[in-house]
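Engineer: For the sequence shown, the working numbering gives the first residue as 472, with consecutive numbering after it.
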Amino acid sequence: MNSNEIVVVINPGSTSTKIALYNRVGLVEDFVARHLQKDLDRYNRVTDQFEYRFEMLKDCLNGMLNGKGYSVVGIVGRGGIVKPLEGGTYRISNEFLEDARTGKYGDHASNLGSLLANKLAKHHGLDESYTVDPVSAGNIIDKAQISGVPGIERNRRGHPLNMKMTARKIADRQGIAYEDAKYVIAHLGGGISIASVEGGKITDVNDALMGMGPFSPNRAGAIPTRGIMDLCYSKPRKEVETLLSKNSGLKAYLGVDDLRDVFKLIEAGNEKARLVYDAFVYQIAKEIGAYHTAMKCKANGIIITGGIAYSDRFIADLKDYVGCLTEFFVYPGENEMEALAEGAFRVIDGKELALEY
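Dropping the structure here:
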């Protein structure tokens, strides 16, 4: 095993871009490039930031590699909102890049991941670049895609990178082969996705961006159809999209989207904050319960992950609802960088074939 062979991992966020070097053992070095909001406000769409972020990352990566004897064998970027895909590691193609760049299926910071990885790979003389389990990836079972209206399918935009990686870790902890394990897993952050993971695949998931599931710190989740109709007839489409995906949830009710600030309001005696928080926990619990039932109550565990999982108070309140269903696991944070690196190495080392977009 050559420890000098590394994969470069790129993960763009709304105001930062993470870059890391991994070898086959684990993390070697990482860095977070921060972006000032005033610099980002110059661009109309997220993917218009591409050249600005690329120049910053190029210089950063050169500094990380300079004089250290590393051999870059692959570059992998977080996959964005593209067409519905099966889970796995994908070779970044021109079609993938075009759909990410134009925002055909959604405009999101993660769309920059494939663009940055592709150009950095060329800059370092590599013929190929990769992405792993893009936002829209999953192996959704047919019956879960039926919406109730012919011609409209349920979207599947979640957090498959972190979900599948966390499920692997919990399966290992339980001594269960990942391919045999069944979990209900909830990624709780700015967006909330709750999924069933069976046989190493995400077989059902709510839409973490908008339209299904519980409300999040700043997203609407599932809301009554009549209310949606009233919004759509009273506001331009873009305004409705922004409201539902960025300015709803805790933020809309309370003016804050950080759970720590919600708790401060509650401790100050704000009864509205207490009610909205109780509804937040209640809706997440209901969704977890629904997925557990959909798996015929045979899940090996319920896994809570994402940034909100760091809150002991929230975890205790949620566990009061769902802790009796099956084993309950908490794995705070996210494993996206590690998941990207492992997915790329699996292809580079010939353990699995790269999928084509």
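Yeah, the Cβ is synthetic: ideal placement off N, Cα and C, and Gly gets one too.
1. Between the C-alpha atoms of tyrosine 748 and leucine 721, what's the straight-line distance to the nearest angstrom?
2. Helix, strand or coil: how does DSSP classify serine 716 here?
3. Roughly how many whole angstroms lie between the Cα atoms of arginine 644 and cysteine 703?
4. Do the stretch 757-764 and the stretch 718-733 touch if we need at least three Cβ pairs shorter than 8 Å?
5. What residues are listed by DSSP as bridge partners for isoleucine 617?
6. Cα separation between valine 463 and asparagine 515?
7. Give the C-beta separation of tyrosine 810 and leucine 632 to the nearest angstrom, bearing in mind that I take them to be a contact with Cβ-Cβ under 8 Å.
8. Between the beta-carbon of glycine 629 and the beta-carbon of alanine 666, is there less than 7 Å?
9. Starting from the Cα of methionine 527, find the closest Cα among Gly538, Ser487, Val496, Ala642 and give me that residue.
10. Just the C-alpha distance for serine 618 and valine 676, rounded to the nearest angstrom, thanks.
11. Closest by CA to lysine 554, which one among Arg562, Ala571, Val547?
12. In chain order, what residues of the same chain lie with their CB nearer than 7 Å to the CB of alanine 580, ignoring the 5 residues before and after it?
13. Beta-carbon of alanine 787 versus every beta-carbon of chain B: anything under 7 Å?
14. Taking buried to mean at least 16 other C-beta atoms within 10 Å of its own C-beta, is glutamate 807 buried or exposed?
15. Could you please give me the residues that DSSP links to asparagine 482 through a beta bridge?
Structural biologist: According to the data block:
1. By one-based count along the sequence shown, residue 748 stands at place 277. By one-based count along the sequence shown, residue 721 stands at place 250. Cα-Cα distance, rounded: 8 Å.
2. Numbered from 1 along the sequence shown, position 245 holds the residue referred to as residue 716. Serine 716: helix per DSSP, three-state reduction.
3. Along the sequence shown, read from residue 1 onward, the residue named residue 644 stands at position 173. Along the sequence shown, read from residue 1 onward, the residue named residue 703 stands at position 232. If I take the Cα positions, the gap works out to 47 Å.
4. no
5. The sequence position of residue 617 within the sequence shown is 146, counting from 1. Paired residues: Glu624.
6. The requested residue 463 is not part of the displayed model; the chain covers only 472 to 828.
7. What you label residue 810 is simply residue 339 of the sequence shown in a count that begins at 1. What you label residue 632 is simply residue 161 of the sequence shown in a count that begins at 1. The residue asked about is misnamed: residue 810 is alanine in this sequence, not tyrosine. Their Cβ separation, rounded to whole angstroms, is 4 Å, which keeps alanine 810 and leucine 632 in contact under 8 Å.
8. What you label residue 629 is simply residue 158 of the sequence shown in a count that begins at 1. What you label residue 666 is simply residue 195 of the sequence shown in a count that begins at 1. The answer is yes: Cβ separation under 7 Å.
9. For the purposes of this step, residue 527 is taken as residue 56 along the sequence shown, with counting starting at 1. Nearest option by C-alpha distance: Ser487.
10. By 1-based counting over the sequence shown, the position of residue 618 is 147. By 1-based counting over the sequence shown, the position of residue 676 is 205. Their Cα atoms are separated by approximately 13 Å.
11. Reading the sequence shown from its first residue, position 83 is the one you call residue 554. Selected option, being the one with the closest Cα: Ala571.
12. Translated into the one-based positions of the sequence shown, residue 580 becomes position 109. Excluding positions up to five away in sequence, the list reads Pro483, Gly484, Ser485, Val517.
13. In the displayed structure, chain B is absent; only one protein chain is listed.
14. The residue given as residue 807 occupies position 336 in the sequence shown. Glutamate 807 is buried by the Cβ-count criterion.
15. Looking up residue 482 in the sequence shown gives position 11. In the DSSP output, where bridge partners are listed per residue, asparagine 482 has Lys489.
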